[in-house]
Every structure is written in C-alpha cells, then in structure tokens.
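In the UniProt record's numbering, the protein residues as written are 1 to 491.
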C-alpha cells in the first residue's frame with residue numbers, strides 16, 4: 001500500500017470519531033457540549049480545583065511507581081531464584097526481562113478499554129489482576145510458572161503507564177501539562193530505582209519470595225489511594241450525561257469493526273509507521289530506549305561492581321540505587337522549573353517565537369540533561385574500583401539519572417506539541433514500545449559484557465554511544481520547524 005494512501009485511510013478512520021488535529025477537549029456543535037469548556041462547568045475535569053486535580057494525578061503517579069518498582073524489586077532475589085530452581089544467573093534474569101517486555105505489551109491492550117470505558121476502570125480493574133499474578137509468582141513452585149506469572153503481571157499492570165498520560169491530558173491544557181506530566185513520567189524512572197532498595201531488604205541468598213510480597217504491599221497501598229478517584233475522560237463523561245438526560249450521544253458512534261481499526265491504528269499500526277517515517281519519533285525513540293536500557297543494565301552492573309568489588313551485601317547493594325533516585329527527583333524538578341521560568345513566559349509573551357519555535361521551547365531541559373548522561377557514565381567508569389570510596393561511583397548515578405529523566409520528559413512534551421493529541425499518543429506508543437523492548441534485552445548480556453571488557457571499558461562503551469546521541473535535541477532545536485513542516489502527522 002502506498003505510504004500516502006495509508007495515511008488517508010488513517011485520517012478517514014480518525015475523523016469518524018474526532019478530528020485528529022483537534023484538541024479532544026475542544027467544544028463541539030452539539031447542544032450538550034457547547035459550554036463544555038466554560039469556567040462554570042464543573043463536569044469538565046479541566047475546571048476542577050487544583051486540589052482535586054492533585055488528588056487524581058498523585059494516585060496515578062503512585063500506581064505507575066508501584067508497577068515499575070515491581071520490575072526491579074526482584075533483582076536482589078535473582079541469586080535465590082538461580083539457587084531454588086537450579087538455573088543459570090542469566091536464566092534467572094528472565095524474571096526481570098520478561099516483566100519489562102510485558103510492560104511493552106500491556107498498553108496496546110489497554111487503549112481500547114480506556115477510550116471506550118474510561119480511565120478509572122482501567123486503573124481499578126488492572127491493578128487487582130497485577131497483584132494476583134504477582135501473588136502467583138511468589139507462590140510458584142516451578143521456574144516456568146514464575147516467568148509466566150511475572151510476564152502476565154506486567155501486562156496487567158502496564159495499562160496505568162499508558163493511561164496515566166491520558167489522565168494528565170484530561171485534567172490540563174496542553175501548555176499546562178509539564179508539571180503534572182513530570183510527576184507521572186518520573187514514576188517509570190523512580191520506580192525501578194526504589195525496587196532494588198526495597199528488594200534488598202526483602203531478599204536473602206536463598207529466598208526471593210518476600211520481594212514479591214513487598215511488591216504486592218506497595219501496589220495495594222497505591223491501589224487504595226486510587227479507589228476514590230473519579231472518571232476524567234471527556235468522551236465517557238459526556239456519554240454518561242447524555243444517557244442520563246435521554247439525549248443521543250454527543251460523539252459519533254463507530255461500528256465495532258471501525259472502532260477496533262481506529263484503536264489499533266493509534267496504538268499499533270501508526271506508531272510503527274511513525275517510527276520508520278518520522279525523524280523526530282525515530283531518533284528520540286532510539287535515544288530514550290538506549291538510555292532507559294542502560295538504567296536496566298545497571299540492575300546487573302551495580303551488583304557486579306558493589307558486591308564483587310566492594311563486598312557489599314544484598315541490602316547494601318540495593319541502597320546504592322538511591323543515587324539514581326536522587327537524580328530522577330532532581331530531573332523532574334528541573335523540568336518543572338524550566339517549564340515555569342522559560343516555557344510559560346514564552347507563551348505569555350506570544351509573538352513569532354511561539355509561532356515559529358513553539359514546540360522547540362520544550363527542548364531546553366533536555367539539552368541540559370543530554371550533556372549530563374555521558375558525564376555520569378564516564379564518572380562511574382573511572383571511579384568504580386576498590387581504590388576509590390564507594391560513595392563516589394554511587395554519586396555518579398545522579399547526573400546520569402538527571403539526564404535520563406530530563407531527556408525523556410522534554411522528548412515526550414515535544415512530540416505531544418508537534419503531533420497533537422492522537423498522533424502524539426501514537427508517537428509516545430512507538431517510544432514506549434522500543435524503550436521497554438530494548439530495556440528487556442540489556443540485563444541479559446550486561447554481566448557478560450562487564451566480565452569481558454571490565455567495569456571501566458564496558459561503561460565507557462555505553463558512555464560513547466550516549467555521546468553519539470548528544471546532538472539529537474540540539475539538532476531538533478535548530479531544524480525542528482523545517483522537519484515539522486514536512487511531516488504529514490504534524491499539527
């Protein structure tokens with residue numbers, strides 16, 4: 001099928017539901033939705049108070065944190081898994097890798113439910129399933145059973161990672177999304193850092209099960225916080241109001257086959273097409289996927305360094321991830337401050353700068369963090385040895401994590417600004433698919449790479465690849481407007 005024709009088909013499908021270049025929260029001609037954006041309309045989640053919005057954003061961020069923490073919480077128990085099931089260390093790592101792979105699959109399954117039934121039901125149904133599968137992983141008597149349960153748990157828990165961005169879009173105008181978006185985006189980076197810290201106190205050399213019980217306790221705490229939250233999806237809220245008033249639905253009702261085609265287009269087909277045809281999506285997806293994968297590689301690199309070289313115990317090695325956690329928090333804070341001090345001021349002034357370089361203003365914090373990534377890796381490579389105090393390589397995690405988070409946040413906001421709500425969601429789906437798929441692979445060869453090259457050269461190799469990608473945000477800042485003009489998906 002010719003490329004142009006495939007895009008036409010996508011547009012036809014999208015327009016049957018809503019214009020792909022419209023804000024989905026924009027008012028329509030229907031009487032029911034004429035005043036949807038009016039300040040007095042408290043049914044519109046964007047008109048809720050700041051406190052009420054916070055009470056819906058924070059629980060979602062906690063859900064995302066609990067699921068992603070569940071990915072890495074098992075890593076201190078890998079030694080126990082290898083011992084109990086008599087498998088190799090690399091095979092035992094599949095309990096981590098298959099979980100991360102499941103995080104790539106879950107959002108594709110969740111999107112149809114989110115768009116037709118709303119966000120709340122996704123959160124409130126998927127998390128109990130997640131906890132049940134984690135329970136199965138903890139109780140499993142076979143290695144295959146452990147892997148199957150861990151994979152299914154990730155598929156069940158992943159929807160909150162995808163739907164969380166939708167909740168942010170429901171509650172905030174696009175130009176106001178940076179602060180709440182940073183909280184939700186921070187969770188997939190902070191969760192994996194907290195996982196080994198908690199797991200380090202839960203696991204022993206011969207028992208991994210308490211890492212799974214701890215995962216359930218964390219997920220249950222987040223779930224209890226999300227239970228009181230309300231639905232935020234505009235389309236679902238308006239359909240409920242229409243039904244209550246006996247009015248026809250304000251949104252066009254698609255035939256089941258068209259609905260399935262539309263959702264698969266947004267969550268699967270278009271992301272793959274954009275990944276190979278859009279330079280912005282392709283380069284940022286590769287960049288984010290690689291840096292995210294290095295984070296997951298550290299789940300094996302850190303025990304290799306701190307347990308072998310420094311003689312740390314399991315719980316002590318888990319604590320070394322606090323350095324990365326601090327970097328994640330600083331990265332989210334930096335993104336919020338740059339948004340407040342730079343982006344919002346640009347919008348306030350208006351003029352040509354917004355018109356010609358509007359989306360590119362999102363790249364500032366990423367351009368700063370992008371320089372920190374190789375610095376953190378080189379720092380770790382040169383100091384991770386017995387002759388240097390252990391705190392020095394631990395602190396190297398701060399600039400690395402700062403760069404990792406800020407590059408991702410700026411990329412996410414940039415792509416949403418460039419492509420709009422629907423195509424932007426497809427761009428982020430492509431990013432997530434590549435990010436989690438690559439992240440699943442890296443831990444499986446990290447130990448072999450570090451044994452073959454040594455800590456210094458293995459980490460310098462990762463730093464060298466990061467250095468090659470440093471120009472990406474700078475190139476898009478300069479040439480982004482021209483690239484956007486040539487894109488059929490750009491709004």
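Note that beta-carbon positions come from the ideal geometry of N, C-alpha and C, so glycine has one too.
To which residues of the same chain is residue i closer than 6 Å at the C-beta, ignoring the five residues directly before and after it?
i: residue 396; result: 376, 379, 380
i: residue 438; result: 289, 293
i: residue 394; result: 320, 323
i: residue 352; result: Only weak support is given to the placement of residue 352: the predicted model assigns it a pLDDT of 43, under 50, and the value that follows is read from those uncertain coordinates. Same-chain partners within the cutoff: there are none.
i: residue 101; result: 440
i: residue 191; result: 65, 68, 69
i: residue 484; result: 418, 490
i: residue 195; result: 69, 72, 73
i: residue 459; result: 377, 380, 381
i: residue 430; result: 271, 274, 275, 281, 285
i: residue 77; result: 203, 208, 211
i: residue 424; result: 415, 416
Is it buried or exposed, residue i, if we count other Cβ atoms within 10 angstroms and call 16 or more buried?
i: residue 122; result: buried
i: residue 479; result: exposed
i: residue 293; result: buried
i: residue 471; result: exposed
i: residue 340; result: exposed
i: residue 71; result: buried
i: residue 141; result: exposed
i: residue 233; result: buried
i: residue 338; result: buried
i: residue 14; result: Unreliable placement is indicated for residue 14, whose pLDDT of 47 sits below 50; the coordinate value is still reported in the next sentence. Buried is the call here.
i: residue 41; result: exposed
i: residue 210; result: buried
i: residue 50; result: exposed
i: residue 446; result: buried
i: residue 128; result: exposed
i: residue 313; result: exposed
i: residue 206; result: exposed
i: residue 448; result: exposed
i: residue 453; result: exposed
i: residue 359; result: buried
i: residue 227; result: exposed
i: residue 39; result: exposed
Tell me the DSSP bridge mates of residue i?
i: residue 494; result: This structure cannot settle anything about residue 494, because the visible part of the chain is limited to 1 through 491.
i: residue 179; result: Partner(s): none; residue 179 has no beta bridge.
i: residue 204; result: 207
Looking at C-alpha atoms only, which residue of the options is the closest neighbour of residue i?
i: residue 235; options: 287, 116, 269, 176; result: 116
i: residue 344; options: 202, 275, 361; result: 361
i: residue 318; options: 329, 173, 306; result: 306
i: residue 63; options: 359, 130, 52; result: 130
i: residue 403; options: 161, 335, 447, 417; result: 335
i: residue 286; options: 420, 407, 359; result: 407
i: residue 295; options: 87, 435, 132; result: 435
i: residue 54; options: 168, 193, 273; result: 168
i: residue 229; options: 118, 110, 420, 421; result: 118
i: residue 300; options: 114, 455, 85, 126; result: 455
i: residue 366; options: 469, 302, 442, 85; result: 469
i: residue 164; options: 77, 107, 446, 368; result: 107
i: residue 220; options: 316, 453, 67; result: 67
i: residue 330; options: 297, 358, 372; result: 372
i: residue 279; options: 206, 316, 238, 411; result: 411
i: residue 363; options: 433, 346, 387, 413; result: 413
i: residue 420; options: 43, 175, 78, 125; result: 175
i: residue 450; options: 199, 297, 48, 126; result: 297
Which same chain residues, not among the five before or five after residue i, have their C-beta less than 7 Å away from its C-beta?
i: residue 475; result: none
i: residue 147; result: 94, 95, 98
i: residue 150; result: 95, 98, 99, 137
i: residue 225; result: 59, 62
i: residue 482; result: none
i: residue 135; result: 216
i: residue 383; result: 392, 393, 396
i: residue 133; result: 149, 152, 153, 156
i: residue 310; result: 386, 390
Apart from the five residues just before and just after residue i, which ones in its own chain have a Cβ nearer than 8 Å to its Cβ?
i: residue 87; result: 81, 143
i: residue 326; result: 397, 398, 401
i: residue 170; result: 25, 45, 46, 119, 232, 233, 234
i: residue 57; result: 167, 168, 171, 180, 183, 184
i: residue 114; result: 122, 159, 162, 163, 166, 233
i: residue 83; result: 205, 206
Could I get the ranges of all uninterrupted alpha helix (DSSP H) runs contained in the stretch 59-121, with 4 residues as the minimum, in chain order?
78-85, 89-92, 94-117
Please give me, in chain order, every unbroken run of the alpha helix (DSSP H) with length at least 4 that falls completely inside the stretch 292-376.
314-319, 322-338, 344-349, 352-357
Could you pull out every unbroken beta strand (DSSP E) segment of at least 3 residues lying fully inside the stretch 134-203, listed in chain order?
none
Curious, which full-length alpha helix (DSSP H) runs of at least 4 residues does the stretch 207-234 contain?
209-226
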